[in-house]
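Protein chains: 2
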Amino acid sequence: MKKHNFYAGPSILSEYTIQKTAEAVLDFAGTGLSLLEVSHRGKEFVAVCEEARSMIKELLNIPESFEVVFLGGGASLQFCMAPYNFLEKKASFLDTGTWASKAIKEAKLFGEVNVVASSKADNYTYIPKKFEVPADSDYFYFCSNNTIYGTEIREDPHFGMPVIADMSSDIFSRPIDFTDYELIFAGAQKNLAPAGVTLCIIRKDALGKVSRAIPTMLNYQTHIDKESMFNTPPVLPIFAALQTLKYYKEMGGIPELQRRNQAKAELLYNEIDRNPLFKGTVTCKEDRSIMNICFVMNDGKEAFEEEFSKYATSKGMVGIKGHRSVGGFRASCYNALPIESVQALVDCMQEFEKMH
Amino acid sequence: MKKHNFYAGPSILSEYTIQKTAEAVLDFAGTGLSLLEVSHRGKEFVAVCEEARSMIKELLNIPESFEVVFLGGGASLQFCMAPYNFLEKKASFLDTGTWASKAIKEAKLFGEVNVVASSKADNYTYIPKKFEVPADSDYFYFCSNNTIYGTEIREDPHFGMPVIADMSSDIFSRPIDFTDYELIFAGAQKNLAPAGVTLCIIRKDALGKVSRAIPTMLNYQTHIDKESMFNTPPVLPIFAALQTLKYYKEMGGIPELQRRNQAKAELLYNEIDRNPLFKGTVTCKEDRSIMNICFVMNDGKEAFEEEFSKYATSKGMVGIKGHRSVGGFRASCYNALPIESVQALVDCMQEFEKMH
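Protein sequence lines correspond, in order, to chains A and B. Once you know that position 199 of the first sequence is 199 in my numbering, the rest is easy, because the numbers rise by one and skip nothing. Once you know that position 88 of the second sequence is 1088 in my numbering, the rest is easy, because the numbers rise by one and skip nothing.
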């Protein structure tokens, strides 16, 4: 049976990425060796890494003042690397969920942390909008898409100060205005590659301004200077990333990805709003994520949750169980998810409605 | 033509590891999904991660007082993580090469660093032996195998204090006496898995003793508590590691690996010592690495270097160029390298001798 992969991450990758990676595991670039066992310093892999960095710049239209590097350690490592490199005295954070909270916790080890607003009291069901960012902040930090709560900020903030963003779960889903950013990071395992590599886009002239000593591996400058080859990078995830980027370019790039993502999200949100058995969890509709679509059984219909879960599973849906902090269901509709999978889920919901 | 993979790292993996990983990239554990796109929280991958950790404990006969975790970020990240977690006042280091030097550099950010001995003045051509370790050191640190210079320490040190070792390039090549260790770490890309995961073996009761605050991701306790699942781990490298471990167990485990490695090293060192065209670079024969075998053209034969390099390449040898710090040639003979590849290199050397 055809599986519909709604995992929140690691998550669906394009068939192109999977096929090309499987081939390279058996024979990489005609070397007669597996991608798993080639030197990262060999000319074939150096070319892969350079092409991947260059295609990211091209697809996202990244200004020349920025550099792109691939790091290991996961996006969670960025929660301490960002303040290590950029927090001198005070930074301002928007608390929109678990990932922003984790970043706040780490930043407190490095300086004063000012939380400008939080929707925690309402279980993060919306994005706080009315807040001020103190002008003396070193930077403003936010998480653009909240995988767990299904909210998203799709506008790039402008507060007259540098901005740092965790875009782990929605990078490559829309164009980015880089004007105020000094750092954007993203764990690759949603819209780019298998788990094990983190993409960082860093404004070069923003580095070197904090007074503390930074361990070599935690200093972005190290990785910029060595073009992501200071130490052995995660070879296979970077190769897979390049395949995904080629697939994106071939399909029409970011504008086409955005169009497809909006169409998928509209299809599913329309059904959630129409179907009397279900309701969305995000209270403010304009904050709904186009990447992670969270819904629960409607009031009075809670008893059907397990039955729907089993029914959807029987129809090939994978990974739609909601995070324990929200409950219910979460359909993650990342770039590689075809609209046919969303339609299959909508069909499930409609069939389930008829059954009850 | 059959390739003989002598890369220093990332490096040769067993055919079993490569084949099983290629299959899983197309269909992982019968899920109908690729290993590249499954959740790390899915029961299939949780089982992989648990089995891999458990097999490492079994194969290396690790005492229960230790825990095994898989981390991202590369072994280079351990150069700062180790002192972050274990260096309160002073640590003692044995400087045997590039990797030890890098660890020394990072440790200086955290406390007093005492270098007990160094062979740097002799381009690290031997392992210093006569030295004392001050009793007030928090720990003694060494790198067991020097990939670049081809020296190795195959005896586990006992100085009446905790020991930390970087075993990136020789773990699983010999049994380990864990008595005095508090941390052993190893980048996986030599004897275990493709690049992107670092194995850490940590004495549990040695943690929590430094007074500084440790960022969550850099605290070993975080990863022990969450069984390597605090954040998304590098899924594919861990899966591949499990395949390698199964292959090791099937072949007879560490004693058999050690026997094979010694046979391979003996074969090549004997030829280096016999063949008048070549000479080994390690001045003290007892310090010669069984993993990375470094040799250069003999005195007066230097002019043949490029010709031999081309000849060996024409015979299928890959990755035998020596590191620029040593020059000449380096044949890395990790666990997965069959003795047939070493014999092929020896044949090359003998044919080249006849030609000149």
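Here a beta-carbon is modelled for each residue, glycine too, at the ideal position from N, C-alpha and C. The model shown is predicted, which means the values in this text are computed figures rather than measured ones.
- Inter-segment contact for the region 1117–1135 of chain B and the region 1196–1214 of chain B is absent: fewer than three beta-carbon pairs are separated by less than 8 Å.
- Residues L1013, T1017, P1237, I1238, A1240, A1241 and T1244 of the same chain have their beta carbon placed closer than 8 Å to that of B:A1193, with the five preceding and five following residues left out of the count.
- According to DSSP, A:A91 shares a beta bridge with A:V113.
- A check of alpha carbon separations from B:P1233 across A:L36, A:V25 and A:G72 identifies A:G72 as the nearest.
- Distance from the CA of A:K2 to the CA of A:L337, rounded to the nearest whole angstrom, comes to 13 Å.
- Unbroken alpha helix (DSSP H) runs of no fewer than 4 residues, entirely contained in the region 1022–1083 of chain B, are found at 1043–1060, following chain order.
- For the set A:N275, A:L33, A:K57 and A:G327, the Cα lying nearest the Cα of B:M1317 is the one of A:L33.
- One Cα belongs to A:P162, the other to B:S1168, and the distance between them is close to 39 Å.
- For B:Q1189, a Cβ of chain A is located within less than 8 Å of the residue's own Cβ.
- Annotated as distal: B:R1041 and B:S1228, with beta-carbon spacing of 8 Å or more.
- Beta-bridge annotation (DSSP): B:N1005 is paired with B:V1318.
- Taking the C-beta atoms as reference points, B:N1145 is found no nearer than 8 Å to B:Y1124.
- For the options B:F1172, B:H1223 and B:A1047, the alpha carbon positioned closest to that of B:L1059 is the one of B:F1172.
- With respect to A:C333, A:I293 sits close: the two C-beta atoms are nearer than 8 Å.
- Per DSSP, reduced to three states, the secondary structure at A:E152 is strand.
- Below the 9 Å Cβ cutoff, chain B contributes no neighbours of A:H4, its closest Cβ being approximately 10 Å away.
- Here A:G111 has P83, L87, E88, K89, K90 and A91 as same chain residues with Cβ atoms under 7 Å from its own Cβ, once five neighbours each way along the sequence are excluded.
- Interface criterion met: the Cβ of B:P1233 is under 8 Å from a Cβ in chain A.
- A Cβ-Cβ contact shorter than 8 Å links B:E1152 with B:I1290.
- Interface with chain B (8 Å Cβ-Cβ cutoff): A:G74 is included.
- For secondary structure counted as the beta strand (DSSP E) over 3 or more consecutive residues, the region 1156–1196 of chain B holds these complete runs in sequence order: 1163–1166 and 1181–1187.
- Within chain A, the C-beta atoms nearer than 7 Å to that of B:A1022 come from A22, V25 and L26, in chain order.
- Around the beta-carbon of B:P1276, fewer than 16 other beta-carbon atoms lie within 10 Å, marking it exposed.
- Identification of chain A residues near B:P1010 by a Cβ-Cβ cut-off of 8 Å yields L36, E37, V38, S39, H40, T232 and V235, ordered along the chain.
- In this structure, B:I1164 lies near B:L1183, with their beta-carbon atoms less than 8 Å apart.
- The beta carbon of A:E302 does not come within 8 Å of any beta carbon belonging to chain B, so the residue lies off that interface.
- Inside the region 234–304 of chain A, DSSP marks whole beta strand (DSSP E) runs of 3 or more residues at positions 278–280 and 292–297, from first to last along the chain.
- Taking every protein chain shown into account, the CB of A:H223 has 16 or more other CB atoms within 10 angstroms, so this residue is buried.
- Nearest CB-CB separation between B:I1224 and chain A: not below the 8 Å threshold.
- A:K43 has its alpha-carbon roughly 46 Å from the corresponding atom of A:F329.
- DSSP places A:T125 in the coil class of the three-state scheme, outside both helix and strand.
- The beta carbon of A:L268 is closer than 8 Å to those of I293, A331, C333, V342, L345 and V346 in its chain, skipping five residues each way along the sequence.
- Within the model, the alpha-carbon separation for A:E155 versus A:Y181 is close to 12 Å.
- DSSP, read as helix, strand or coil, puts A:C348 in helix.
- Distances from the CA of B:K1120 to each of B:S1137, B:D1136, B:A1047 and B:L1094 were compared; the closest alpha carbon is that of B:L1094.
- With a threshold of 8 Å between beta carbons, B:F1079 makes contact with chain A.
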